[in-house]
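Engineer: Got a structure here, written out as structure tokens. Questions coming.
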DNA sequence: CTAGTGTGAGACAAGAATGTCTCACATGGG
DNA sequence: CCCATGTGAGACATTCTTGTCTCACACTAG
């Protein structure tokens, strides 16, 4: 029967294809559909049966990235404890998705004309709310807008992912480098 | 005679074409040679006479970006005064080139295979030296490597340029947002 | 006026990537 | 055993971009 294996087998295959495509496109953002198919171990025909075209594939990757980000936001429990600790948890949880994120980050720069996925707006709102909470509690300075702190976080994650990829930063330092710079800045301060 | 107007007229035309191409590609990094030519007010044939191909154009833009960065580094007098003030001057001087920089920044991500222009290495070295000077003087914390601070600066400049482009950050705040986050971080501190 | 030079417009072929299609093969259930 | 479904391989047309070429036109110096 067609409605049997369809729901379960296709799902895991689709998941596997998406993971492979993410891993490949993270390293080579201009990879061909043929290369993506080979990386996933399937033929171009099958790839094209699952994703109508390159656009559909990128959209699916976007949805995957959004889902992973939302899962990271959930796991980070942004509402609990101090805002600083929440930011630390957020970066820790989001690190596995950093490669995919940096790919989507630059990819979105050339989708400027079209409307962006509503999921990004939701993520932006949640992260912005975290920074705003930190400002309201007196923990964060108020002269940097939550919108900018959110964008800066994305930019630092992308820069961190590329730095690790280029070997300029040790993979183990990824979290600390981002969190410490974002929270504490470069200037030395007296430990209290 | 041909060897007369060649040195002077071609130079200014080339400069104009490069500026136009930079302005266009900053907004739409996938612009066609035809679009680049139209943006510069010349025909595709003439564009192709000045730049052998798209690669040559990008290389020339890269050289332009490097030259502007080096000019900014010179103007910022990185060796004078405190490292913090030097960083402030650097961001201020580099702001006009931020758009071009962010374009080249993402463009270089997909040149991963090829060797990068030696100019970038020189710039990295100069900026790294600035952060190292701040560390040696006790001004900057030593747990963030100069290499990471340099990459983070690039990432923040790109993020700032895109944020301004998307209207998420006011253009007037560009310098402050970057400098304050890079130097001071998000955490509030007592003013001394 | 005339020759030389640079430019714009457009035709043209080459190449790459995409989207679509067909066909043969394997596998798994009836 | 037989059939249906999904897959791989490959051919094919299409589209887009690029690089090259030719030709006509404007301008300018001699």
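Residue numbers (this note's numbering), protein chains in the order written: chain A, 11 to 202; chain B, 11 to 202. Idealized CB from N, CA, C, for every residue including glycine.
With the cut-off set at 8 Å, would you say residue 198 of chain B and residue 151 of chain A are in Cβ contact?
Structural biologist: yes
Engineer: What does the Cβ neighbour count give for residue 180 of chain B, buried or exposed, with the cut at 16 atoms within 10 Å?
Structural biologist: exposed
Engineer: By the three-class DSSP mapping on this structure, what secondary structure does residue 150 of chain A have?
Structural biologist: strand
Engineer: Using alpha carbons as the reference points, say which of A/113, A/83, A/69, A/104 lies closest to residue 136 of chain A.
Structural biologist: A/83
Engineer: Quick one: which unbroken alpha helix (DSSP H) runs of 4-plus residues sit fully inside the region 48–80 of chain A? Chain order, please.
Structural biologist: 54–60
Engineer: Among the candidates B/73, B/170, B/156, B/141, whose CA atom is the shortest distance from the CA of residue 128 of chain B?
Structural biologist: B/73
Engineer: Going by alpha carbons, who is nearest to residue 106 of chain A out of A/81, A/117, A/46, A/95?
Structural biologist: Of the candidates A/81, A/117, A/46, A/95, the one whose C-alpha sits nearest the C-alpha of residue 106 of chain A is A/81.
Engineer: Give the C-beta separation of residue 103 of chain A and residue 96 of chain A to the nearest angstrom, bearing in mind that I take them to be a contact with Cβ-Cβ under 8 Å.
Structural biologist: Contact doesn't hold; Cβ gap of about 10 Å is too wide.
Engineer: Would DSSP call residue 40 of chain B helix, strand or coil?
Structural biologist: Coil.
Engineer: Can you tell me where the alpha helix (DSSP H) holding residue 114 of chain A begins and where it ends?
Structural biologist: 108–119
Engineer: Measure from the alpha carbon of residue 23 of chain B to the alpha carbon of each residue in B/195, B/189, B/47, then state which is nearest.
Structural biologist: B/47
Engineer: Got a sec: is the Cβ-Cβ distance from residue 35 of chain B to anything in chain A below 8 Å?
Structural biologist: no
Engineer: Where residue 50 of chain B and residue 175 of chain B are concerned, what is the direct C-alpha to C-alpha distance, given to the nearest angstrom?
Structural biologist: 21 Å
Engineer: Please tell me whether residue 184 of chain A and residue 160 of chain A are closer than 8 Å, where the distance is taken between their beta carbons.
Structural biologist: no
Engineer: Using the DSSP secondary-structure output, state which residues sit across from residue 197 of chain B in a beta bridge.
Structural biologist: A/150
Engineer: According to DSSP, simplified to helix, strand and coil, what is residue 89 of chain B?
Structural biologist: coil
Engineer: Candidates B/196, B/186, B/195, B/35: which alpha carbon is nearest residue 99 of chain B's?
Structural biologist: B/186
Engineer: Among residues of its own chain, excluding the 5 on either side of residue 172 of chain A, which ones have a beta-carbon nearer than 7 Å to its beta-carbon?
Structural biologist: 112
Engineer: Using a Cβ-Cβ cut-off of 8 Å (strictly less than) and excluding sequence neighbours within five positions of residue 54 of chain B, which residues of its own chain qualify?
Structural biologist: 43, 44, 47
Engineer: Contact check, residue 119 of chain B vs residue 116 of chain A under 8 Å by CB: the rounded distance?
Structural biologist: 7 Å
Engineer: Compare the C-beta of residue 130 of chain B against all C-beta atoms of chain A and say whether one is closer than 8 Å.
Structural biologist: no
Engineer: Measuring straight from C-alpha to C-alpha, what distance separates residue 177 of chain B and residue 196 of chain A?
Structural biologist: 27 Å
Engineer: What is the DSSP secondary structure of residue 180 of chain B, reduced to helix, strand or coil?
Structural biologist: If DSSP states are grouped into helix, strand and coil, residue 180 of chain B belongs with coil.
Engineer: Under 7 Å Cβ-Cβ, which residues of chain B neighbour residue 187 of chain A?
Structural biologist: Identification of chain B residues near residue 187 of chain A by a Cβ-Cβ cut-off of 7 Å yields 154, 158, ordered along the chain.
Engineer: Since residue 28 of chain B and residue 71 of chain B are thought to touch, with beta carbons under 8 Å apart, how far apart are those beta carbons, to the nearest angstrom?
Structural biologist: Right, their Cβ atoms sit about 6 Å apart.
Engineer: Of all Cβ atoms in chain B, is any one closer than 8 Å to the Cβ of residue 178 of chain A?
Structural biologist: yes
Engineer: In whole angstroms, what separates the C-alpha of residue 61 of chain B from that of residue 193 of chain B?
Structural biologist: If you draw a straight line from the Cα of residue 61 of chain B to the Cα of residue 193 of chain B, it comes to about 40 Å.
Engineer: Can you find the residues in the same chain that come closer than 7 Å, C-beta to C-beta, to residue 92 of chain A, ignoring five residues on each side of it along the sequence?
Structural biologist: For residue 92 of chain A, where only same-chain residues beyond five positions count, the Cβ hits under 7 Å are 149.
Engineer: Just how far apart, CA to CA, sit residue 189 of chain B and residue 30 of chain A?
Structural biologist: The alpha-carbon of residue 189 of chain B is positioned some 38 Å away from that of residue 30 of chain A.
Engineer: Measuring straight from C-alpha to C-alpha, what distance separates residue 88 of chain B and residue 68 of chain B?
Structural biologist: 28 Å
Engineer: With C-beta atoms as the reference, is residue 165 of chain A less than 8 Å away from residue 166 of chain B?
Structural biologist: yes
Engineer: Can you find a CB in chain A that lies within less than 8 Å of the CB of residue 42 of chain B?
Structural biologist: Chain A, which has no Cβ nearer than 8 Å to the Cβ of residue 42 of chain B, makes this no.
Engineer: In chain A, what lies closer than 8 Å to residue 56 of chain B by C-beta?
Structural biologist: Simply none; closest approach about 26 Å.
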